[in-house]
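Numbering (our numbering), first residue to last: 228 to 414.
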């Protein structure tokens, strides 16, 4: 597709193009050729949708692609290195609270943070678990803006919305812990 919504240069110098309706494309500047990655309903290892509109390469050189309405896609560094373009799809059944992904970043613990139309979320690749944050957690808005994310030198992650921005100091986020057991010892 000629409707490019994001560009990303990966660790090997390939140029990735997220498109509006035609999946993702990878341009090899050495051979001047494209490789196309599209959704195939009959193959669960392809992109989950052709609206792959946000991309992020993490600190381990894994590639993450977010879609408008079909979740998050993961392509491991190993698969990238071996030219085995088998995607892992993450969606509602895996713990996402929405299938819309607007922007993606990573914290220093290796967790993936992404903004959505319901706040933002943290995905732990290590534990394959999600934690979701919304206005009840102090976020400015539920709906965030496509592609607007910034990770500052102090490791704070900022996500932009139409009403301003919300930030998370990912190192200081406390996970929910079970409430302690209450026992009456005297009446």
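Ideal Cβ positions, reconstructed from N, Cα and C, are used throughout, including at glycine.
Nothing here was measured: the structure is a model prediction, and the numbers come from that model.
Where the beta strand (DSSP E) containing residue i begins and where it ends
i: residue 255; result: 251-255
i: residue 316; result: 315-317
i: residue 294; result: 290-294
i: residue 375; result: Note, residue 375: premise wrong, no beta strand (DSSP E); not H, not E.
i: residue 328; result: Counting along the chain, residue 328 falls outside any beta strand (DSSP E), and DSSP gives it neither H nor E.
i: residue 388; result: 383-388
i: residue 260; result: 260-264
i: residue 366; result: Residue 366 -> no beta strand (DSSP E), and no H or E assigned at all.
i: residue 337; result: Where residue 337 is concerned, there is no enclosing beta strand (DSSP E), given that its DSSP letter is neither H nor E.
i: residue 277; result: Element bounds for residue 277: n/a, residue is neither H nor E.
i: residue 400; result: From DSSP, residue 400 is part of no beta strand (DSSP E); its letter is neither H nor E.
i: residue 300; result: 299-302
Spatial neighbours of residue i in its chain, beta-carbon cut-off 7 Å, leaving aside the 5 residues before and after
i: residue 257; result: none
i: residue 301; result: 289, 291, 314, 315 and 317
i: residue 304; result: 287, 288 and 289
i: residue 312; result: 264, 302 and 306
i: residue 353; result: 337
Residues of its chain near residue i, where Cβ-Cβ distance is below 6 Å and the 5 sequence neighbours each way are ignored
i: residue 242; result: 236 and 254
i: residue 439; result: Nothing can be reported for residue 439, as the shown portion of the chain is limited to 228 through 414.
i: residue 267; result: 273
i: residue 385; result: 377, 392 and 394
i: residue 285; result: 333
i: residue 349; result: 338, 340 and 358
Per DSSP, the bridge partner or partners of residue i
i: residue 308; result: DSSP output for residue 308 lists no bridge partner at all.
i: residue 358; result: 349
i: residue 234; result: 244
i: residue 271; result: Partner(s): none; residue 271 has no beta bridge.
8 Å Cβ shell around residue i - same chain, five flanking residues per side excluded
i: residue 398; result: 334, 335, 336 and 382
i: residue 248; result: 228, 230, 277 and 278
Beta-carbon separation (whole angstroms), residue i vs residue j, contact threshold 8 Å
i: residue 388; j: residue 372; result: 6 Å
i: residue 281; j: residue 293; result: 4 Å
i: residue 417; j: residue 360; result: Because the chain spans 228 through 414 in this model, residue 417 falls outside it and cannot be assessed.
Counted within 10 angstroms of its Cβ, other Cβ atoms place residue i as buried (16 or more) or exposed
i: residue 238; result: exposed
i: residue 390; result: exposed
i: residue 404; result: With a pLDDT of only 46 at residue 404, under 50, the local geometry of the prediction cannot be trusted, and the value read off the model is given with reservation. Under this definition residue 404 is an exposed residue.
i: residue 326; result: buried
i: residue 366; result: buried
i: residue 246; result: buried
i: residue 270; result: exposed
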